Structure formats: structure tokens, C-alpha cells
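Here the sequence shown is numbered in the numbering used here, starting from 7 and rising by one per residue. The beta carbon of each residue, even a glycine, is placed where N, CA and C say it ideally should be. Note that the structure is a prediction, hence the values are computed from the model and not measured. Worksheet: one structure, shown below.
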Amino acid sequence: MIEARLVHAPAIAVMHHAAFPEDPWTTDTFLTLLSQPGMLGLVDERGGFLILRIVADEAEIITLGVTARRQGIGRDLMAAAIARAGERLVVKLHLEVAASNEPARRLYEGLGFAISGRRPNYYADGSDALTMTLENLRKKI
């Protein structure tokens with residue numbers, strides 16, 4: 007697991023395209039994200055990435071993608087993000103997930119996230135997003 011730098015933006019864009027072919031983000035998108043204050047990117051060489059934004063004592067998972075399924079990559083990326091956010095004194099971590107994405111929801115719930123809201127018609131296809139929150143990160147590390 008490595009912390010992403012600007013040089014990793016093209017590889018992250020390729021992985022994002024593989025993970026989300028219906029809505030791929032560009033290299034420029036990742037260059038912009040990674041150059042902003044408070045952004046933390048993680049790359050798992052097995053085929054995954056995570057981008058996290060930290061503001062004061064809260065953080066948000068911007069995107070998480072895995073290209074090699076069922077290898078624990080998503081869980082490892084989330085565990086690393088939770089640990090690194092906790093080290094930076096984050097106490098609350100937020101994310102959004104498609105309401106229909108059962109595997110991701112199980113992953114997040116298994117890590118202690120709880121549903122905190124719903125965003126109707128959030129995605130381009132009209133499906134809902136759930137907002138989920140993990141509190142007390144400092145106790146998780």
C-alpha cells in the first residue's frame with residue numbers, strides 16, 4: 007500500500023475506468039484531486055485505490071475502486087484509510103454508496119459504518135445513494 011502522488015494519477019484513472027466503466031474519471035480529475043489540500047490517496051498494487059478528503063476533524067471517502075475482486079483489497083484500503091485518518095485526528099468519516107451495492111454496504115457495515123442518510127436519485131441512472139458514517143476513529147486504530 008502506497009500513498010498516491012501526482013505521478014500516480016494516470017494509473018489511478020486506468021483503475022477507475024476498470025472499476026467504473028460507466029462513469030470513468032480522467033487523469034486530470036485525479037491530478038486536480040490529489041493536488042488539493044487535505045487529500046490523501048492510497049494505491050494497492052494488487053489493483054485498487056482510495057481517495058480521501060480530510061477537513062478539520064472529519065473526512066470523506068471520495069472514491070474507492072477495486073479492479074481485482076475478492077482479494078481483500080477494498081477492506082485493506084479502507085482499513086488503511088481509517089488508520090491514517092485517525093492518525094490525523096479525524097473523529098468522523100463519511101462516504102456514499104449506491105443503495106443497491108450490497109457487497110460494498112456489507113464491507114462498510116463490517117468496518118463499523120452506519121447508515122446516516124439517503125440521497126434519492128443521486129446517481130445518473132436515478133438510483134439512490136446511502137450516506138454512511140464511522141465515528142470515533144481514534145478508537146479504531
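Buried or exposed: residue i, going by 16 or more other Cβ atoms within 10 Å of its Cβ?
| i | result |
| --- | --- |
| ILE18 | buried |
| ALA15 | buried |
| LEU101 | buried |
| ASP63 | exposed |
| ILE147 | Note that ILE147 scores 47 on pLDDT, short of 50, meaning its location in the model is unreliable and no value can be drawn from it. |
| LEU95 | exposed |
| VAL26 | Looking at the sequence itself, residue 26 is Phe, so the reference to Val does not match. Answer is exposed; the Cβ neighbour count stays below 16. |
| ARG90 | buried |
| ASP131 | exposed |
Closest to residue i by CA distance: which of the options is it?
| i | options | result |
| --- | --- | --- |
| THR33 | VAL13, PRO27 and THR69 | VAL13 |
| GLU9 | HIS23, MET45 and THR35 | MET45 |
| ARG11 | GLY116, GLN42, GLU28 and PRO30 | GLN42 |
| ILE118 | ARG125, PRO126, LEU99 and ASN127 | Per the sequence shown, residue 118 should be read as Gly rather than Ile. The option with the nearest alpha carbon to GLY118 is LEU99. |
| ASN127 | ALA74, ILE121 and SER106 | SER106 |
Counting only the same chain and skipping the five closest in sequence on each side, list residues whose C-beta sits under 8 Å from that of residue i.
| i | result |
| --- | --- |
| LEU83 | MET7, LEU48, ASP50, GLY54, PHE55, LEU56, LEU70 and VAL72 |
| VAL97 | ASP63, GLU64, GLU141, ASN142, LEU143 and ARG144 |
| VAL20 | none |
| ARG125 | GLU102, ASP134, ALA135, LEU136 and THR137 |
| PRO30 | ALA19, HIS22 and HIS23 |
| GLY123 | LEU136 and THR137 |
| LEU37 | LEU12 and ALA15 |
Considering only residues of the same chain and omitting the five flanking positions on each side of residue i, which have a CB-CB separation below 7 Å?
| i | result |
| --- | --- |
| ALA104 | TYR129, SER133 and ALA135 |
| VAL61 | GLY44 |
| ARG81 | LEU113 |
| ILE79 | ASP50, ARG52, GLY53, GLY54 and VAL72 |
| ALA85 | none |
Looking only at its chain, what residues have a beta carbon closer than 6 Å to the beta carbon of residue i, apart from the 5 residues adjacent to it on each side?
| i | result |
| --- | --- |
| LEU58 | LEU46, ALA65, ILE67 and ALA87 |
| LEU39 | MET45 and ILE57 |
| ILE121 | LEU136 and MET138 |
Task: Three-pair Cβ contact test at 8 Å for the region 102-121 versus the region 133-143 - done: yes
Open item on the list: Ignoring anything shorter than 4 residues, give me the alpha helix (DSSP H) runs that lie fully in the region 103-130, in order along the chain.
Closed with: 108-116
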